[in-house]
Every structure is written in C-alpha cells, then in structure tokens.
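A.B. asks: In the working numbering, the protein residues as written are 147 to 294.
Here a beta-carbon is modelled for each residue, glycine too, at the ideal position from N, C-alpha and C.
Model, not experiment: these values are computed from the prediction.
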C-alpha cells in the first residue's frame, strides 16, 4: 500500500473509531489514566497498521477494539506480576531461599539475570525510555517531551 493510500485508509477507515474506542476503554477499565488510554490507542494503531501491511483486515473496528482490550489486560497482568516502580535497581530483584523450591528459584534468578543483561545491551537512549516508562510511569508523550 502506498503511503498516501495508507494515510487515506487510516483517516477514512480507522480514525473514526477513536472516540468510541477511548470511551470503551474508559468504561471497561475505569482505573486507566488518560495517558494509559492514549498509549493503548497508539499501540493498537501500530498493531493494526502492521497487520494491514501483512494482509487485509476485514473487520477493522473489531480488530482495533480487541487489540486495545488485550493490550490493557496485558498491562494489568504485568503490573500485577512485578511492579518495577518499587524496585530501584533490577539487580535488587533476588530470589529468596525461603520461598519456592531450589529449581524454581534458580530458574527465576536466571530469568532476572537475563532481563538485566538484555536491558543493559540496549542503546543508552532505549534504556532511558524504558526507565522513564517502567520506573517513573511516564506516558509516551511525556517521555518524548522529556527526551526531546
């Protein structure tokens, strides 16, 4: 799809659903802040455009709403599993020997070590973005403004 065709498709077929998508997200997930809703809508758009690039999407509204809902659920799951905002440094996440079995503890520690290594392998700018989003809870717009 050419850029102008894609822009026309987005404006004509996708953008009209934004107000109802935002209302739907606020109704279904009342604890979401406005920056979180903005981020979910933007990420849903990104995934819709990627999917449209691979193949034709028949039901745009259904795809958009389902994608945004799944993104919100994933966000809640991540926050419930480990709230990274409470951890000053990823290396402070160590496995207690009083908790689960040895095998599970070793696996968990290896996963955390891999996470730390992965974050450190990112370019400095990506690390800054990740830090501002996960540790400080800034929205994509706030991060963009802070990092110019």
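(1) How big is the Cα-Cα spacing for residue 256 and residue 160?
(2) Just confirm the distance between the C-beta atoms of residue 218 and residue 178, as a whole number of angstroms; I'd bet it's less than 8 Å.
(3) Express the C-alpha separation of residue 274 and residue 157 in angstroms, rounding to a whole number.
(4) Can the beta-carbon of residue 168 be found closer than 8 Å to that of residue 192?
(5) Using DSSP with H/G/I as helix, E/B as strand and the rest coil, what is residue 212?
(6) With DSSP collapsed to three states, give me the class of residue 150.
(7) Could you check which residue in 220, 201, 200, 194 has the C-alpha nearest to that of residue 209?
(8) Indicate the three-state DSSP secondary structure (helix, strand or coil) for residue 169 in the structure shown.
(9) Please identify the residue among 170, 253, 174, 211 whose C-alpha is closest to the C-alpha of residue 190.
(10) Using the beta-carbon count (16 or more within 10 Å), is residue 171 buried or exposed?
C.D. replies: According to the data block:
(1) Taking the straight line joining both Cα atoms gives about 42 Å.
(2) That belief holds up - the Cβ atoms of residue 218 and residue 178 are roughly 7 Å apart, short of 8 Å.
(3) For residue 157 and residue 274, the distance between alpha carbons rounds to 32 Å.
(4) By the CB criterion at 8 Å, residue 168 and residue 192 fall outside the cutoff.
(5) Residue 212: helix per DSSP, three-state reduction.
(6) In the structure shown, residue 150 sits in a helix (DSSP, three-state: H, G or I).
(7) With distances taken between CA atoms, residue 209 lies nearest to 194 out of 220, 201, 200, 194.
(8) Helix, per DSSP.
(9) Looking at 170, 253, 174, 211, the one whose alpha-carbon comes closest to that of residue 190 is 211.
(10) Its Cβ being crowded by 16 or more others within 10 Å, residue 171 is buried.
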